[in-house]
Amino acid sequence: MGDAAERRFIQRTIFGNSKVKDAEAIERELVDFENEDLGREFDPEKRRPSAYVKVFEEMIQTVWMDERHLLLDREWQPFIAFKNLSYNARYCLARMLLLSSNRWYPINNFEKWKREVGENGLKAAFEELCRPVEELASPQSTPVKKEEGVLETKLEIIDLTMDEDVKPDIGGLEVQAPVSGPSRLPEGTVPDDPFQRILQSDPNALDLEFFGEDDAVMTLEQLLDRMTVDQLKQLAKQNKVAAGSKPKGAKGKGKAPDKYQQTQLSAFFSAKPGHNAPKPPPDGLDRLRKQALGILGKCYRVNFEFYKLVRRVHIIYFRCTEHPAKLMVPALLTRFKKRTYPDYAFNRDPEIWTSRHHLLDYEKALELEALVDETLEAEVVSSAKIGRTLGKRLMRRLLESVNVKKAKVVAKCLDDWLLHNWEVHLELKRHAGRPPSLQRFECGYVYTRLLRRSLKSLQALKQYDREMVIIELLLGQTKWLRGKRWKLYERRAIIQMTHLWKMEGKRKMEVLQEAMEGIKQALEDDDTHLVARPGLVKRIRKLEKTLKVPPEEVVQCEGELREAKIVVVKARRIHHRASSLKLDDNFNVIGGKENTPALIMAFMNQGEIPELSPEEPEKQAEVSTSSPVLLTTIMPALTLNRKRPSWRRKGKSVWEGRNPSEELTVEDRALQHYQDQGFKGHHAETSVLTTIWVLMNWDIVFADVRGAFETQYQSAPLDIVDDSFYLARKEMFDQRLEEIKVGKAAEYIVRHDTKYRVRDTWAIGVSWKLELPDLVEIVECLGGHSLEKISRLFCEDYVGRSSGGPDLIVWNYEKQICKFVEVKGPGDKPSESQKLWFDSLLGAGIQVEICKIEDINDVKTQTSARKGKGKTPVSSVSRKRKQPSVNGKSDSGMEDETDYEKLDCNSDDELPQHNAKRRRKTDPCPLSCRDNHEATPPKNGGY
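When the letters of the sequence shown are read in order and numbered with numbering that gives the first Met the number 0, they come out as residues 0 to 942.
What follows is the structure, given as C-alpha cells:
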C-alpha cells in the first residue's frame, strides 16, 4: 500500500470522503444528484422538500442536539434565520453550498433549479438570501410571502430559538465577546504566505451578517473572470477594441483560460494596429463593468464566511479526518441511494472535541494539511507542452526544478510552524490520556502526518542530516501513527547505509554499526508489523556481512520463509499494438487509418509511441500520407532528424492470447493458462480474501462496540486500524474461528451475502463483483482449517493484511483444489511483502504458485547453454558482482535508494547490475505459442 493510499486509509475506507476522488468525478456525482432530485414527481399542491434541504437541516439539527457548545451564540444565529427563510431560499442556499466556494455564479447557470422553485422564484430566492441575517432571525421581521401555487408544508425544521431554556451554555469558554467583523487581518497587513494567513486568522471573528452577496460588490476583475471567451469578445466588440486572438484550445462556450482572463482588462484599452493607445475615461471602468454585467447577467455567491461556518459544522457532523473538499456528499450519496451503508448502532461520542478550542485547532490543522497537499500536488505547467517546446531532457530538468521548489516550501513550513506546533501538542498529549479510537481527531495526529510528509521533501533536497533529526523525533514518541514506525526504521537505515557515512566527520564503520543497532531496535519493537520484518532481517544480514560480524554474534532467525512453486508459461509478447504508429525504413509514416494525428504528434514530440486502447483509434480522424498538411508539416519533421528514437517499453506488458488477435495483460494470459487446465479463476488480488473474511464475520465487524461507530456514514468501525479491534471482540472472534474450523464458513457467507448484496452495501473489504456461487466454491475448496488460520491474520492485523496478496485465485471444485497465483512478467520478481504472503498461505496449507510469463521469442535463457563463445559464464559474472568491494559499494546496498514509503521493504536494496541495459536477443523465427508447465526455474535468477 503506497504512501497516499495508507495516509488516507481511514477516510477512504471508513468515512468514504470524496477527497480521495478526482474533482471531475465529484462534479459528475453532483450532477447525478441534481438530475435525480429534479426528476422526482412534482405536484405544486403537495410538494416534498428536496433532499438537499433535508440533509442540510438534519446536519444542523444533529450538531445542535449533541454538540452545540462547539459553536458560539452568534454562530448559531444564521441557522436560526435559516428556518425563517422561504423554501425556495433554503433550497437555493443548500445547492449553492455544494458549489466551489468563494466564487461568483451567473443566475442563468441555475436554470434547472426553476423546476423546483418556479419560473419567478429563482431571483426572489437569491434576493432574500442577500437580506441581513439579523433581520431574518428577528421575530418582528416581515414574514416571507408563500410561493405562488405552493402549499405550506409541515417540515421538520430545527428549533433554534434562543429562549433561556435552550440557549447554549458557553459560560465556561474563554472567548472574546462576539463582535461582527471580517475574519481576515486589516487591509495592508494580510501576509502573502498562504500558510501564515491560515495561522494568523481568527476563527472566532466570522462575518455572518448575510447568507449571500449580489453583484453590487463584484469587482471588474471578478466579472471578467466569470465570462466565457465568446462573452469577452462580445464585450471587446462593444468597446470597438481588438480583444486579441482566441487562445489555442479554448472553446467558445467554455470558461476563458486563466492566461486569457489576465490579459483582458488591458486589452480593452489597447490600441488597434497603427493607432496610439487611448487613455481610459474617468468613468471608463464603471461603464465597462455595466457592459459586462449586461452580458453576464445577475451574479450571486455564498458569503464565504458563512461557508466556512457550514464547513465547520460538516467536520463536526461527519467526523472528518481530512479537510472536506465538498460538503454533505456522504449523506447525499445515501439519500439518493447511490451508497448503502451497513446496519449498525452508532453513538456520537461527546469527548471527540472536549472544547471549542480543541475543535478550532483541529480545523486549522486540517486546513494547513490541505494546503500542503495542494502545494505538493499542484501542476505548475503542462508536461506535454514542455515536451513539445523543450524536449524530454530539458523537460525532466525543469520538472525536477519544480519539485525542488515545492520541497523548499514544505521545508520552510517545517522551520516556521510545523515542528513547533507538533512539539507543543506532543507535550499536551503527555498530560492527557484518550482512547486510541479518538486520537485521530487530535491536532497532534494531523501534524504527525504532516511531519512524516515533510521527510520526502527533505529527501528531495538531500538534507539527510535534518531528515535524521525528524525521524528520531518521530521514533521518540508512541502517541500517534504507531503502526507506521517500521517505515521510519527502514528509512533511517537507508540514510545511514547510503548517505550518512559519506558526510564530513563520519566514520563509515561506526555509522554502519549504528545502522545495524537501529535495525535490531526495529525488530524488538512490538509496533513493527510482520510484513516489515523479513525486509529488516535481509538488511541486517547485509550489514553483518559488510561489518564481518562473527558467526556467533549474528542475529539468529529460527524460521525461513516458505517458497512458492514456480510455473513457467511461454507466450508471445506483443511489443507494438495494432493501433501503434508505423514507420517505414526511412522513418516516414506509413499511411493508413491506424496512424492517427495523436500518434504522429506523440512521435514527433517525445520519440515514443503511446499504447492506445483498441477503441481510441476509432475516435481519431483518419490520416493519410496524401494529406497536403501532413506532407508539408509532419513528414519533414520526421525525416530531418535521422536519429532513431528511443523505444523504451513502458507500462504493463501486452501478450497474445489464445486467439492471435487477443491482446491481454500478463495476469489475463496467466488466467487463460489455468483455465486450459480446468480451473476457474479471478484476478482479484487481496479483495477475494477480504471479501470472504468480512462476509464470514459481518455481524462481529459491525457489532455494537463503544467508540466504533460515530456516524451513520461509516463502512467500517473506527478501531479496525488499531490493535484494540481484535481485543474488544476477542470472545466473539474466537468463537467464530472455531465454527469456521469445523466447516461453517459457507453458512455465514450465504447468510450475510443474501442479506446485503441486494442493496450493494458499501462495506470495508467487500467486492460485490465476486459472485456468491464462486465464493462458496472457493470456501469449500480451501477447507475449514486453512480458512481459520487466514481469518486469524485479518482479525489481528486487518490494515497490514488488506493488500499485497497474490494476483489470482484459481480453483477446481470437482477436484477440491484451490491455488493462489502471483503472476510475474519478464524481469519481475516477488517483493518481500509478497513473500510473506506466500509463507502465510503455505503455512495455512494452501497451494501457492509463481507463474512466470516468458516471451516465446526471447532466447535469453538459452545463452548459458551455448558453447564455444569464449565469454565468461553468467554465473561467474554474478558471483564476481556479489563479492564485497573495497569501498563497500557493491554488496552492502550503499549506493542505491528508492522511495522508502513503498511496502516492499527491500526495494532499495537491489545492487546496480552492470549488464542491466544489455540488448535482449530475439529469435527472428516465429514460433507457435506453447506452455511449459511446472518448469524448474533456471539458476542465477534467469528464466
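Note that beta-carbon positions come from the ideal geometry of N, C-alpha and C, so glycine has one too.
Look up residue i in the DSSP assignment and say whether it is helix, strand or coil.
i: Lys297; result: coil
i: Glu621; result: Interpretation of Glu621 is limited by its pLDDT of 37, a score under 50 that renders its predicted location unreliable; the figure taken from the coordinates is listed afterwards. Coil at Glu621, not helix or strand.
i: Cys319; result: coil
i: Gly211; result: strand
i: Glu813; result: coil
i: Ile748; result: helix
i: Glu821; result: strand
i: Leu663; result: strand
i: Asp72; result: helix
i: Lys523; result: Reading the sequence as shown, one finds Glu at residue 523 and not Lys. It is helical.
i: His498; result: coil
i: His681; result: strand
i: Leu96; result: coil
i: Ala636; result: The predicted model places Ala636 with a pLDDT of 40, which falls under 50 and marks its position as unreliable, so this point remains unresolved.
i: Asp229; result: helix
i: Asp857; result: strand
i: Val946; result: No statement about residue 946 is possible, as the shown extent of the chain runs from 0 to 942 and does not include it.
i: Ala344; result: coil
i: Val944; result: Coverage of the chain is limited to positions 0 through 942, which leaves residue 944 absent and any answer about it impossible.
i: His528; result: coil
i: Gln698; result: The identity of residue 698 in the sequence shown is Asp, whereas the question assumes Gln. In the structure shown, Asp698 sits in a helix (DSSP, three-state: H, G or I).
i: Ala324; result: coil
i: Gln676; result: coil
i: Thr690; result: helix
Going by the CB atoms, is the gap between residue j and residue i shorter than 7 Å?
i: Ala80; j: Leu135; result: yes
i: Trp112; j: Arg225; result: no
i: Glu133; j: Leu308; result: no
i: Phe837; j: Val847; result: yes
i: Arg130; j: Glu212; result: no
i: Tyr343; j: Trp761; result: no
i: Ala744; j: Val778; result: yes
i: Leu522; j: Leu511; result: no
i: Gly296; j: Asn107; result: yes
i: Ile789; j: Ala843; result: yes
i: Gln290; j: Gln221; result: no
i: Leu840; j: Val530; result: no
i: Glu66; j: Ile315; result: yes
Who are the near neighbours of residue i in its chain, counting only those whose CB is closer than 7 Å to its CB and skipping five residues on each side?
i: Ala944; result: In the structure as shown, the chain starts at 0 and stops at 942, and residue 944 therefore has no counterpart that could be examined.
i: Glu465; result: Note on residue identity: the sequence assigns Arg, not Glu, to residue 465. Around Arg465: Leu457.
i: Ala669; result: Val568, Leu807, Val820, Val822, Cys850 and Ile852
i: Val54; result: Met327, Ala330, Leu331 and Arg334
i: Leu769; result: His681, Ala683, Val687 and Thr690
i: Arg728; result: Ile699, Ala702 and Val704
Quick one: residues in its chain with C-beta nearer than 6 Å to the C-beta of residue i, no 5 flanking neighbours on either side, listed in chain order?
i: Leu480; result: Thr447
i: Val765; result: Thr690 and Val693
i: Tyr51; result: Ala93 and Arg94
i: Trp421; result: Tyr446 and Leu450
i: Thr527; result: Trp485 and Ala521
i: Pro435; result: Asp721 and Ser723
i: Glu795; result: Tyr725
Any idea which residues DSSP pairs residue i with across the strands?
i: Glu513; result: Per DSSP, none; premise fails for Glu513.
i: Gln833; result: Per DSSP, none; premise fails for Gln833.
i: Ile852; result: Val568
i: Asp733; result: Its beta-bridge partners do not exist; DSSP assigns none.
i: Pro105; result: Cys298
i: Val847; result: Phe819
i: Thr339; result: Thr760
i: Ala808; result: Residue 808 is actually Ile in this sequence, not Ala. Ile808 is bridged to His681 and Phe819.
i: Val653; result: Ile573
i: Pro131; result: Phe209
Within the same chain, show all residues whose beta-carbon is closer than 8 Å to that of residue i, passing over the 5 residues directly before and after it, in chain order.
i: Asp741; result: Sequence inspection shows Val at residue 741; the Asp mentioned does not correspond to that position. So the list reads Gly783, once near-sequence residues are dropped.
i: Val312; result: Met58, Ile59, Val62 and Leu70
Taking the runs of the alpha helix (DSSP H) that are 4 residues or longer, which of them lie wholly in the region 401 to 466? 418 to 428 and 442 to 459
Enumerated in chain order, which unbroken segments of the alpha helix (DSSP H) with a length of 4 residues or greater are wholly contained in the region 702 to 730? 723 to 727
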